[in-house]
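This report concerns only the one structure given below.
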Amino acid sequence: MSDYKSPETRILPEITDESRAFWTGGERGELLIYKCLDCQGLIHPPAPACYHCQSINVAPRPVSGRATVAAKTINVHSFNPAMPSPFSVAIVELEEDASTRLTTNVIGCPPESVHIGMKVQVEFEHYEDVWVPVFRPVAS
Amino acid sequence: MSGDLQGRAVITGIGQSQTGRRLGRTGFELTIEACKKAIADAGLSVEDIDGVASYPGPGLGATGMSGASTTQLHAALGIKAKWYLGASEVAGQLGPLMEACMAVSLGFANHVVCFRSVWESTAQGSGGFGGSFRGSYRASGFMEWTAPYGAISAANWIAMLCDAYMHRNGMTREQLAMIALNARRNAGLNPAGIYRDPLTLDDYMSARIISTPFCLFDCDIPADGAIAIIVSRRDASNGLPRTPINVEAFGGGLYERFTWDQRADLTTMAAHDAAASMWENTKIKPTDVDVAELYDGFSYLTVQWIEALGFCPQGEVGKFIEGGGRISLEGQLPVNTHGGQLSAGRLHGYGFIHEACTQLWREGGERQAKKDVNVAVAAAGGGPIAGCILLSI
Ligand SMILES: [Zn+2]
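Residue numbers (numbering that gives the first Met the number 0), protein chains in the order written: chain A, 0 to 139; chain B, 0 to 392.
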C-alpha cells in the first residue's frame with residue numbers, strides 16, 4: 000500500500016542517555032542497537048552492561064534493519080485515540096541476531112496480512128526530536 | 000531441597016473488602032476493611048499484629064493501582080511493627096507475602112498482615128487509563144519501548160505472546176475460551192463475583208476484539224476491592240480458631256532479563272522460572288495439587304501458569320483445557336474456582352490466594368471443588384512478573 004500515512008501523533012519516548020542512539024539514529028537512516036564490543040553480542044533494550052558476558056564495554060552500532068516477524072497482534076480497541084485503530088503491533092527479530100527483538104509497528108500493508116515469518120525492513124517516522132523505527136514488509 | 004520453610008509459616012486468617020465496579024469508595028477505606036476482617040478472621044486483635052507487607056509499595060504510579068501503602072496501613076491501625084515491607088521489585092504481586100513467610104519462619108514477626116488493594120474502577124471512571132497519555136506525556140520505563148507504537152496496554156504485549164504460542168502449538172481460540180467460560184461459571188456460584196451471568200462459547204466467539212487474538216472476555220475487569228491475608232509463625236498460631244494452612248513452598252524465580260519481548264523462548268514466561276524454583280523447594284508434585292488458582296489478568300496468563308506449573312506437557316495446554324471439563328469444579332484440576340479476575344474483578348493477584356485458602360478450609364459453598372481439597376496452588380503475574388505459592392492443610 001503506497002497510500003500509507005504515518006499517524007499524526009505518537010506517544011513519544013522520554014529519551015535517556017542509553018536510548019538516545021536508538022531514537023535518533025533514524026535522522027541518518029541508521030538503526031542503532033547496543034553492541035558489546037568485547038563479545039559482539041547485541042543488547043536491547045539498551046543497557047549499560049552486556050548480559051552475555053558482563054562487560055561494560057558497550058556502545059550503539061548500526062545494524063542492517065532487516066528483520067523477521069516473530070509475533071504479532073492487531074490492536075483494535077481504541078486505547079489511545081491519538082493513534083487510530085486498527086493497526087499492527089509486532090515483535091520482530093533482527094537479522095543479525097534473532098534473540099534481539101524490537102516491539103514495533105509493521106506498516107504499509109493491511110494489518111491482517113502481517114504474519115509470523117514475514118520479512119520486514121526498517122524505516123523511520125520523524126516526530127519532534129524522535130525518529131521512530133517502524134518496519135515495512137520486504138517485497139517478495 | 001533448597002528453600003525449606005519446614006512448616007514454620009502458616010496462614011491463619013483472610014479478609015476481603017466489599018468488591019465491585021465503581022464503588023465510589025477510596026482504596027484506603029477498602030484496605031482497612033479487608034485488613035480488619037482478616038485480623039478478626041484469624042482470631043487476633045490489632046495489638047497482636049507485628050508485621051505488615053504489601054504490593055506494590057509507593058512506586059507504581061498508575062491511577063487506582065494502590066489504595067494504601069504499607070506505611071499508610073501501618074499508621075492507620077497503629078501497628079507496632081517488628082518487620083515491614085512494601086515493594087514492587089519482588090516476585091510478582093505475591094512477592095511481599097512470600098517475604099512475610101520468610102520473616103515469620105525466622106522469628107522476625109509473629110503475625111504479618113499482607114494486603115493488596117485497588118480502586119482502578121473508580122479511578123478510571125474519572126478519566127484514568129487513556130487520560131494519562133495526553134499532552135506533553137513522554138513514555139519511560141518499559142513503556143518507552145511500546146507506547147510509541149500505540150501498544151500502551153498489557154493486552155497488546157500479552158496478545159503477541161499468545162499469538163506466538165498459538166502459532167507454535169496450535170492452540171485455538173475455542174480452546175482459549177474455556178478459561179473465560181470456566182471463570183464465568185464459577186463466578187456465577189460465588190456471591191462475591193462481579194460478572195455472574197452465563198457466558199457461552201457463541202458469546203465469546205462473537206465478542207468484540209480488543210487486540211487479536213484477545214476479545215473482550217479474555218481481559219480482566221478493573222475493580223475496586225482489597226484483600227488481606229494473615230501470615231503467622233506456626234508456634235504463634237496455637238489456640239487460634241482456624242486450622243492453620245501450611246505454606247509448603249513458594250517460588251519467585253526470574254532466570255532471564257525483566258522484559259516482555261526478549262525472553263529466549265517467546266512461548267514461555269517468568270512463570271516457568273517461578274514454578275521451577277517452587278518445585279525445587281518441596282516434595283509435593285504437580286499431580287498432588289487439588290485446586291489451582293492461576294492469575295488471569297488475561298486468559299492466556301492462566302494458560303501459561305497451567306503449563307509452567309507442570310499440569311500438562313509444554314505446548315499442550317490447548318488440549319488440556321479443551322471443552323473445559325478438566326478445569327471445572329468437577330474436573331481433575333479445578334481452576335479459578337471463584338471466577339478469577341476475569342469474572343470476579345482485578346484484585347491483582349490476591350484473589351487467588353484468598354480463594355486457595357477458602358477452598359482448603361472447604362468454605363467455597365456452591366463453588367467448592369467437588370473433590371477433597373488438601374493441596375492448592377496460587378499464582379500471580381504475567382510476562383516477567385511471576386510468583387507462586389503452594390499451600391496444604
Ligand atoms: Zn558481551
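Glycine included, each C-beta is placed from N, C-alpha and C at the ideal position.
Below 7 Å on C-beta distance, what does residue i contact in chain B?
| i | result |
| --- | --- |
| T23 of chain A | Simply none; closest approach about 13 Å. |
| Y50 of chain A | R256 |
| T103 of chain A | Y148 |
| R100 of chain A | D260 and Q261 |
With DSSP collapsed to three states, give me the class of residue i.
| i | result |
| --- | --- |
| I38 of chain B | helix |
| Q39 of chain A | coil |
| T11 of chain B | strand |
| D223 of chain B | strand |
| G348 of chain B | coil |
| M0 of chain B | Bear in mind that the predicted position of M0 of chain B carries a pLDDT of just 49, short of 50, making it unreliable; the figure below should be weighed with that in mind. The answer is coil: DSSP assigns M0 of chain B none of H, G, I, E or B. |
| Q71 of chain B | helix |
| R115 of chain B | strand |
| C311 of chain B | coil |
| A385 of chain B | coil |
| T267 of chain B | coil |
| N185 of chain B | helix |
| Y299 of chain B | helix |
| Y136 of chain B | coil |
| M0 of chain A | Because M0 of chain A carries a pLDDT of 49, less than 50, the predicted location of this residue cannot be relied on, and the following value inherits that uncertainty. M0 of chain A falls in the coil class under three-state DSSP. |
| D96 of chain A | strand |
Residue i touches chain A at which residues, Cβ-Cβ below 7 Å?
| i | result |
| --- | --- |
| E143 of chain B | P12, E13 and S18 |
| S152 of chain B | F78 |
| H166 of chain B | I115 |
| A158 of chain B | T72 |
| D162 of chain B | A70, K71 and T72 |
| R137 of chain B | L11, P12 and E13 |
Within the same chain, show all residues whose beta-carbon is closer than 6 Å to that of residue i, passing over the 5 residues directly before and after it, in chain order.
| i | result |
| --- | --- |
| P158 of chain A | Residue 158 of chain A is absent from the structure shown; chain A starts at 0 and stops at 139. |
| V75 of chain A | S84 and P85 |
Taking C-beta pairs closer than 8 Å, name the residues in chain B that residue i reaches, listed in chain order.
| i | result |
| --- | --- |
| I73 of chain A | I208, S210 and T211 |
| H43 of chain A | Q261 |
Grab me the residues of residue i's own chain with a C-beta within less than 8 Å of its C-beta, minus the 5 sequence neighbours each way, in chain order.
| i | result |
| --- | --- |
| M0 of chain B | Unreliable placement is indicated for M0 of chain B, whose pLDDT of 49 sits below 50; the coordinate value is still reported in the next sentence. So the list reads E279, N280, T281 and K282, once near-sequence residues are dropped. |
| H73 of chain B | V51, A80 and Y83 |
| M0 of chain A | Note that M0 of chain A scores 49 on pLDDT, short of 50, meaning its location in the model is unreliable; the coordinates nonetheless yield the value given after this. For M0 of chain A, where only same-chain residues beyond five positions count, the Cβ hits under 8 Å are G107, C108 and P109. |
| L43 of chain B | T11, G12, H110, I229 and L239 |
| G322 of chain B | M177 |
| Q5 of chain B | S104 |
Hey, residue i and residue j: beta-carbon distance below 8 Å or not?
| i | j | result |
| --- | --- | --- |
| R137 of chain B | E13 of chain A | yes |
| M177 of chain B | I305 of chain B | no |
| R7 of chain B | V112 of chain B | no |
| T336 of chain B | A368 of chain B | yes |
| Y54 of chain B | S16 of chain B | no |
| T258 of chain B | P44 of chain A | yes |
| T67 of chain A | E29 of chain A | no |
| E354 of chain B | E292 of chain B | yes |
| A269 of chain B | G382 of chain B | yes |
| R256 of chain B | Y3 of chain A | no |
| A99 of chain B | G50 of chain B | yes |
| N185 of chain B | D289 of chain B | no |
| G338 of chain B | G224 of chain B | no |
| A37 of chain B | A227 of chain B | yes |
If you drop the 5 nearest sequence neighbours on each side, which residues of the same chain put their C-beta closer than 7 Å to that of residue i?
| i | result |
| --- | --- |
| Q331 of chain B | R325 |
| A154 of chain B | I209, S210, F213, C218 and F297 |
| F107 of chain B | K81 and W82 |
| L11 of chain A | Y126, E127 and V129 |
List the residues of chain A that residue i touches, going by C-beta distances under 9 Å, in chain order.
| i | result |
| --- | --- |
| A146 of chain B | R9, I10, L11, P12 and N79 |
Pop quiz: residue i and residue j are said to be a contact at Cβ under 8 Å. What is the actual Cβ separation, rounded to whole angstroms?
| i | j | result |
| --- | --- | --- |
| I48 of chain B | I78 of chain B | 5 Å |
| S120 of chain B | A222 of chain B | 5 Å |
| G56 of chain B | G26 of chain B | No, G56 of chain B and G26 of chain B are not in contact; Cβ-Cβ is about 14 Å, not under 8 Å. |
| V334 of chain B | N181 of chain B | 6 Å |
| N245 of chain B | I392 of chain B | 7 Å |
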